[in-house]
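Participant:
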Amino acid sequence: MRRFRRVLSIVAVVTVVVLAYPVWLAWRIWDQSHNDEVRAADAIVVLGAAQYNGRPSPVLKARLDHALYLYEEDLAPAVIVTGGKQEGDRFAEADVGAMYLEGEGVPPEAILAEDEGTTTLESLERVHDISREEGIDSVLLVSDPMHSERIKTMAGDLGFDEAWTSPASYVELNRTRRTKAQELLHEIASLAAYELFDR
35 MRRFRRVLSI
45 VAVVTVVVLA
55 YPVWLAWRIW
65 DQSHNDEVRA
75 ADAIVVLGAA
85 QYNGRPSPVL
95 KARLDHALYL
105 YEEDLAPAVI
115 VTGGKQEGDR
125 FAEADVGAMY
135 LEGEGVPPEA
145 ILAEDEGTTT
155 LESLERVHDI
165 SREEGIDSVL
175 LVSDPMHSER
185 IKTMAGDLGF
195 DEAWTSPASY
205 VELNRTRRTK
215 AQELLHEIAS
225 LAAYELFDR
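Taking our numbering, the leading residue of the sequence shown gets 35, the next gets one more, and so forth.
1) Return the first residue and the last residue of the beta strand (DSSP E) that Leu135 is part of.
2) DSSP state of Arg73, grouped into three classes?
3) Run the CB neighbour count on Tyr86, radius 10 Å, all protein chains shown included, and call it buried at 16 or more, exposed below.
4) Quick one: Cα of Val79 to Cα of Ile114, how far?
5) Relative to the C-alpha of Leu104, which candidate in Ser224, Ala215, Ala202, Trp64 has its C-alpha closest?
6) State the DSSP-derived secondary structure class of Val93, mapped to helix, strand or coil.
7) Based on Cα-Cα distance, which residue from Asn69, Asp171, Met180 lies nearest to Ala77?
8) Report yes if the C-beta distance between Trp198 and Lys186 is below 9 Å; otherwise report no.
9) Taking Ala144 as part of the alpha helix (DSSP H), name the residues at either end of that continuous run.
10) For Leu59, which residues of its own chain have a beta-carbon under 7 Å away from its beta-carbon, when the five flanking residues on both sides are left out?
11) Give the single residue among Glu121, Glu127, Ala74, Glu167 whose Cα lies nearest to the Cα of Arg97.
12) Between the alpha carbons of Glu150 and Asp129, how many angstroms are there, rounded?
13) Look at the alpha carbon of Asp108 and the alpha carbon of Ala75, and state the distance between them as a whole number of angstroms.
14) With distance defined between alpha-carbon atoms, name the residue in Val176, Thr152, Arg89, Val93 nearest to Gly137.
15) Indicate whether Ala83 and Ser91 have their beta-carbon atoms separated by less than 9 Å.
16) Out of Gly139, Ala54, Phe194, point me to the one whose CA is closest to Arg166's CA.
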């Protein structure tokens with residue numbers, strides 16, 4: 035009987051931990067999504083998103099427009115656009131981002147491109163390499179709100195001395211089909227995969 039109770043206690047503890055971890059992640063993601071840490075940095079980093087044959091998707095456009103606003107506010111002298119090609123694509127996400135920003139008046143010399151990453155982690159690893167080459171120590175990360183906690187966590191783990199997030203507006207992102215609840219669930223799974231399996 036005593037052994038049975040011990041097993042039940044262990045099962046109960048494991049169950050609480052298993053249930054508590056996703057809740058903890060959800061709170062972190064939700065809290066960071068409402069926290070605009072906008073401030074001056076060495077570079078603005080725009081996380082890639084889908085592009086349609088050379089045109090930014092609504093999600094990517096929202097991120098680029100926000101980065102453009104930050105750049106025009108003189109918060110950083112450079113913008114790093116990210117994202118490689120998905121299978122079948124003619125254009126890399128970073129190339130589309132660079133073309134869009136140039137079309138909006140950002141000088142080409144102020145734009146750096148990471149055009150190889152196909153995941154968030156791959157893109158940020160390349161951004162870290164570029165930053166070391168360019169003497170960039172601080173970055174202002176731009177993505178959609180629910181993505182902010184994951185990219186900030188990854189940037190810190192990669193060794194950025196100062197990494198802050200400034201999320202793009204939900205007004206633009208609401209044009210997409212994914213709801214906030216769906217995005218939250220996606221980010222819980224993605225952040226858990228990163229923290230538990232480094233993926």
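C-beta atoms are modelled at their ideal positions from N, C-alpha and C, and glycine is treated no differently.
Facilitator: Based on what the coordinates show:
1) Premise fails: Leu135 lies in the alpha helix (DSSP H), 127 to 137, not in any beta strand (DSSP E).
2) coil
3) exposed
4) 5 Å
5) Ala202
6) helix
7) Asp171
8) yes
9) From DSSP, Ala144 is part of no alpha helix (DSSP H); its letter is neither H nor E.
10) Ile222, Leu225, Ala226
11) Glu127
12) 11 Å
13) 10 Å
14) Arg89
15) yes
16) Phe194
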